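K.L.:
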Amino acid sequence: MNINYIIGIVGALAVFLFGCIASVTIQPEFSIGFNPGNLINFFDPASILITIGCTIFIVVASFPGSMLKNMPKHFKIILNNKLFDPTSYIDQLVELAQIARKNGLLSMEEKANEQTDPFFKQAIMLIVDANDQDKVRGILENDIECMSARHDAAAAMYDKASSVAPAFGMVGTLVGLINMLKSMNMEDGAGDLGGSMGTALVTTLYGCILAHMIFGPIAQLLRNRDSEEILCKQIIVEGVMAIQAGENPKSLRERLLTYMAQKQREMSGEEKAA
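Taking the working numbering, I'd label the letters of the sequence shown as residues 27 to 300.
(1) In its own chain, which residues sit with a C-beta less than 8 angstroms from the C-beta of ILE125, not counting the 5 before and 5 after it?
(2) On the DSSP letters alone, give me the boundaries of the alpha helix (DSSP H) that ALA138 sits inside.
(3) Going by beta carbon distance, what residues of the same chain come within less than 7 angstroms of THR81, once the five residues before and after it are set aside?
(4) When you compare each of ALA175, LEU75, VAL120 to ILE150 by their alpha carbons, which one comes out closest?
(5) Is THR77 closer than 9 angstroms to TYR232 when the C-beta atoms are compared?
(6) Does the beta-carbon distance from ILE116 to ARG279 come in below 9 angstroms?
(7) Can you give the Cα-Cα distance for LYS259 and PHE145, rounded to whole angstroms?
(8) Cβ atoms of GLU273 and ALA123: under 9 angstroms apart, would you say?
(9) Rounded to a whole number of angstroms, what is the C-alpha to C-alpha distance between LYS208 and TYR184?
(10) Counting pairs of Cβ atoms below 8 angstroms between the segment 47-58 and the segment 164-182, do you hit three or more?
(11) Which value, in whole angstroms, describes the spacing of the CA atoms of GLN159 and ASN250?
(12) State the DSSP-derived secondary structure class of LEU52, mapped to helix, strand or coil.
(13) May I have the straight-line CA-CA distance separating MET3 from ALA268, to the nearest angstrom?
(14) How many Å lie between PRO71 and THR225 at the Cα?
(15) Excluding the 5 residues flanking ASN67 on each side, which residues of the same chain have their C-beta closer than 7 angstroms to its C-beta?
(16) Excluding the 5 residues flanking VAL373 on each side, which residues of the same chain have their C-beta closer than 8 angstroms to its C-beta?
(17) Using beta carbons (cut-off 9 angstroms, strictly below), is ARG251 in contact with chain D?
(18) Compare the C-alpha of ILE32 against each of THR51, MET97, LEU247 and name the closest.
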């Protein structure tokens with residue numbers, strides 16, 4: 027479970043709500059007051075309809091249904107913090123290298139059939155079938171590039187929503203201001219001007235919340251997961267290339283560990299020693 031995401035979103039909403047209901051006085055003495063009734067000032071059905079409704083429909087108009095139906099899958103991805111573990115792939119590749127040196131490349135076919143990762147299975151089978159090294163590398167690297175392009179397109183969907191939401195927040199504000207000015211009656215005074223202005227501005231608030239609390243973090247997390255998956259697949263590519271070349275398992279581990287940060291290497295070494 028991605029605890030950081032949950033803590034961040036819940037914390038941001040909590041601080042926002044605290045700011046809405048709290049009043050801080052410094053002079054003549056420091057005091058904090060709370061007025062939960064202030065929350066009603068930030069609720070406006072028309073503003074919600076314009077900001078959220080228009081944002082959703084513009085995203086629907088901008089992307090194909092095949093991408094839109096994957097949105098539940100995207101939330102599952104960002105909430106799962108343990109999808110890609112480079113250390114696990116390195117251990118498996120070193121084990122395969124030992125099998126290949128002892129029994130030959132054909133002996134890895136059984137291990138390939140046990141793999142749940144389709145990319146890893148494909149990589150093993152390509153060298154088991156004695157394909158040319160350049161051909162194997164080309165196929166696998168092309169697979170990585172295409173996968174990254176698909177992931178970037180998914181993140182772009184949330185980038186689009188993040189950019190559209192504040193824009194429709196401003197549209198809602200303009201709608202509110204136009205309605206306010208049209209209904210003003212200077213002969214009766216401008217007593218309702220403050221309330222009408224507040225209703226107009228709350229639409230901009232909704233747009234900023236959607237952009238920076240909801241859609242922005244999702245797009246960033248999807249790109250983070252993409253980087254993690256690319257790293258693991260690059261490790262697989264280098265690993266199977268080295269196995270096909272007959273590299274020593276110990277040298278292979280040292281080579282693959284260079285893809286990881288120094289702290290991760292040290293932790294991996296400690297676990298191996300334990």
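Just so you know, even glycine gets a beta-carbon here, dropped at the ideal spot from N, CA and C. All of these numbers come straight from a predicted model, not from anything done at the bench.
P.N.:
The relevant details are as follows:
(1) SER133, MET134, LYS137
(2) 135-140
(3) ALA187, VAL190, ALA191, PHE194, LEU236
(4) VAL120
(5) yes
(6) yes
(7) 8 angstroms
(8) yes
(9) 36 angstroms
(10) no
(11) 30 angstroms
(12) Going by the sequence as given, residue 52 is Ile instead of Leu. Three-state result, ILE52: coil.
(13) In the structure as shown, the chain begins at 27 and stops at 300. Residue 3 is therefore absent and cannot be evaluated.
(14) 10 angstroms
(15) GLY224
(16) Since the first residue shown for the chain is 27 and the last is 300, residue 373 is missing from the structure and cannot be characterised.
(17) Note that chain D does not occur in the displayed structure, where there is just one protein chain.
(18) LEU247
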